[in-house]
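Report on one structure; see the data block that follows.
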Amino acid sequence: MKKTTLSVIPGDGIGKEIVPATLKILDTLAEIDGGIQFEYNQYPWSCEYYLEHGVMMPDDGMTKLQQSDAIYLGAVGNPKLVPDHISLWGLLIKIRRECEQVINIRPAQYIKGVKSPLAEPNDFNFLVVRENSEGEYSEVGGRIHSGSDEIAIQNAVFTRNATERTMRYAFELANKRNGQLTSATKSNGIVHSMPFWDQVFQELAGEYPDIKTQSNHIDALAAFLVSKPDQFDVIVASNLFGDILTDLGAAVMGSIGIAPAANINLNGKYPSMFEPVHGSAPDIIGQGIANPIGQLWTAKMMLDHLGLEELGGLLFRAIKETIAEGIKTKDLGGTSTMNEVINHIHAKIKSY
Ligand code: NAD
Ligand code: IPM
Ligand code: MN
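For the sequence shown, UniProt numbering begins at 1 and goes up steadily by one.
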């Protein structure tokens, strides 16, 4: 029996409701496999933990995480208790950086039974490869002067190393998919980082002559993802552009509540982390209506990453069948509760 250790961080808000409730699905999948067993190390790191301890995670927290095979996270943030820049930089972004999870993969695809806001969504299936370690999310800058003279300066940092590895990852993915790659740029308005971004993209395009490439300005690309999402395959984007495009992708699918994400460590030194695109949804806490599909699709990505593609496939099949049968939460136009959706998916997997 192979033991796989998962660090489980429910986090804040609906993360606390969804994450623990999904573990029984992972257990059942492990039973079906017969050869593996998940061991969960659950950590209560959250904004409430911060109020008690003055930190988002203990000193030895990162070492504990780094010893696990993967990290399964819900959401972080409760701005009523702790300012977001403290909670996010103290936990989510800290883990992404210290576990060197340099790539964030975020798929968006048409799911039968999910009502897209688009009149004719067609069968879109695109995937955003988001740079996950630098770019616009930088600590370089500061605030100077005060009063009406006050200035806040935020410098974006684009290294060749990170830009190139993100793009290379995207080219390789495009190679395995439809052979089409779009770069999200803004070199018409951002005069240093984005011309550099374009240059690296063109250099790599030379190494991948079989990949059909295009560059779109981020503003136009945002519009295209609404007007013709089926025209896109892999999209490579900087940290902030990728963040925005993937909430857009979630909305085009039909709800932010179903969008998954994977923070990938490429060098094998540390675990990767799996957390949905959505946040802690403070506006629906305690109502039992949070959509668990984003978290479960994220779990599917985690299973695939751990080499358990067959189990990932079973989970995805159960997710899709459950939606197609109309077992849906309120955000998808249904009346089911979070627990009803989870129980239905669980029962389906047991019946396979
Ligand atoms: P959010 O994603 O939490 O919520 C946006 C809207 O989507 C809300 O109306 C919410 O009710 C809805 N929603 C989100 N997930 C849902 C689900 N699973 N089912 C049904 N409805 C869902 O974004 P926000 O309001 O901007 O952020 C809230 C907090 O979460 C903030 O503290 C923010 O910083 C944090 N956040 C964390 C992460 C993360 O941990 N990965 C991601 C985004 C936001
Ligand atoms: C996400 C979130 C985070 C990000 C925030 C909460 C820092 O929006 O994972 O998409 O911007 O990366
Ligand atoms: Mn986001």
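Even glycine gets a Cβ: it sits at the ideal position worked out from N, Cα and C. Since the model is a prediction, treat every value here as computed from it, not as a measurement.
### Task
Throw me the rounded Cβ distance for the His155 and Asp233 pair, which I believe falls under 8 Å.
The sequence given here places Asn at residue 155; His does not occur at that position. Not a contact, Cβ separation roughly 32 Å.
### Message
Taking its Cβ as the centre, do 16 or more other Cβ atoms sit within 10 Å of Gly279, making it buried, or is it exposed?
### Response
buried
### Unbroken alpha helix (DSSP H) run spanning His53, endpoints
47–53
### Query
CA-CA distance, Ile345 and Ala75?
22 Å
### Query
Exposed or buried, Gly141, counting other C-beta atoms within 10 Å across all chains shown (16 or more means buried)?
By the neighbour-count rule (16 or more Cβ atoms within 10 Å), Gly141 is not buried but exposed.
### Message
Pull the bridge partners of Glu131 from the DSSP assignment, please.
### Response
Ile103
### Message
Quick check: is any heavy atom of the ligand IPM less than 7 Å from the C-beta of Asp219?
### Response
No, the beta carbon of Asp219 sits no closer than 7 Å to any heavy atom of the ligand IPM.
### Same chain, Cβ closer than 7 Å to Asn188, five either side skipped, listed in chain order
His217
#### Entry: N-terminal and C-terminal residue of the beta strand (DSSP E) that Lys212 is part of
212–217
### Task
Following the continuous beta strand (DSSP E) through Arg143, name the residue where it begins and the one where it ends.
First-last of the beta strand (DSSP E) with Arg143: 141–144.
### Task
May I ask which residues mark the beginning and end of the alpha helix (DSSP H) holding Val19?
Under the DSSP assignment, Val19 falls in the alpha helix (DSSP H) whose first and last residues are 14–33.
### Message
Which residue wins for smallest C-alpha separation from Gly11, given the options Val82, Gln199, Gly35?
### Response
Val82
### Residue interval of the alpha helix (DSSP H) (run including Ala170)
That run of the alpha helix (DSSP H) goes 160–176.
#### Entry: Simplified DSSP assignment, three categories, for Ala261
DSSP places Ala261 in the coil class of the three-state scheme, outside both helix and strand.
### Query
Any contact of the stretch 288–302 with the stretch 247–265, i.e. 3+ C-beta pairs under 8 Å?
yes
### Task
Alpha carbon to alpha carbon, how far is Glu39 from Leu225? Give it in angstroms, no decimals.
Computed Cα separation, rounded: 40 Å.
### Message
Looking at Leu127: is its Cβ nearer than 8 Å to the Cβ of Leu173?
### Response
yes
### Query
Which residue from Ile32, Val19, Arg143 puts its Cα closest to that of Asn41?
Val19
### Message
Nearest by alpha-carbon distance to Met302: which of Gly257, Gln199, Ile36, Ser272 is it?
### Response
A check of alpha carbon separations from Met302 across Gly257, Gln199, Ile36, Ser272 identifies Ser272 as the nearest.
### Query
Going by the C-beta, is Thr163 closer than 7 Å to any heavy atom of the ligand NAD?
no
### Task
Buried or exposed for Ser193, please, with buried defined as at least 16 other CB atoms from any protein chain shown within 10 angstroms of its CB.
buried
### Query
Just curious, the alpha helix (DSSP H) that Met338 is in, first and last residue?
Looking at the DSSP string, the run of the alpha helix (DSSP H) that includes Met338 is 338–351.
### Message
Just to confirm my understanding: we take Leu29, look at its own chain, exclude 5 residues before and 5 after, and list those with CB closer than 6 Å. What are they?
### Response
Leu311
### Message
Taking the beta carbon of Tyr137 as the centre, do at least 16 other beta carbons fall within 10 Å, making it buried, or is it exposed?
### Response
buried
### Message
Is His278 near the ligand NAD - that is, is its Cβ less than 7 Å away from at least one heavy atom of it?
### Response
yes
### Nearest candidate by alpha-carbon position, reference Asp84, set Pro282, Gln66, Val200
Pro282
### Task
Name the two residues that bound the continuous alpha helix (DSSP H) containing Ala251.
239–253
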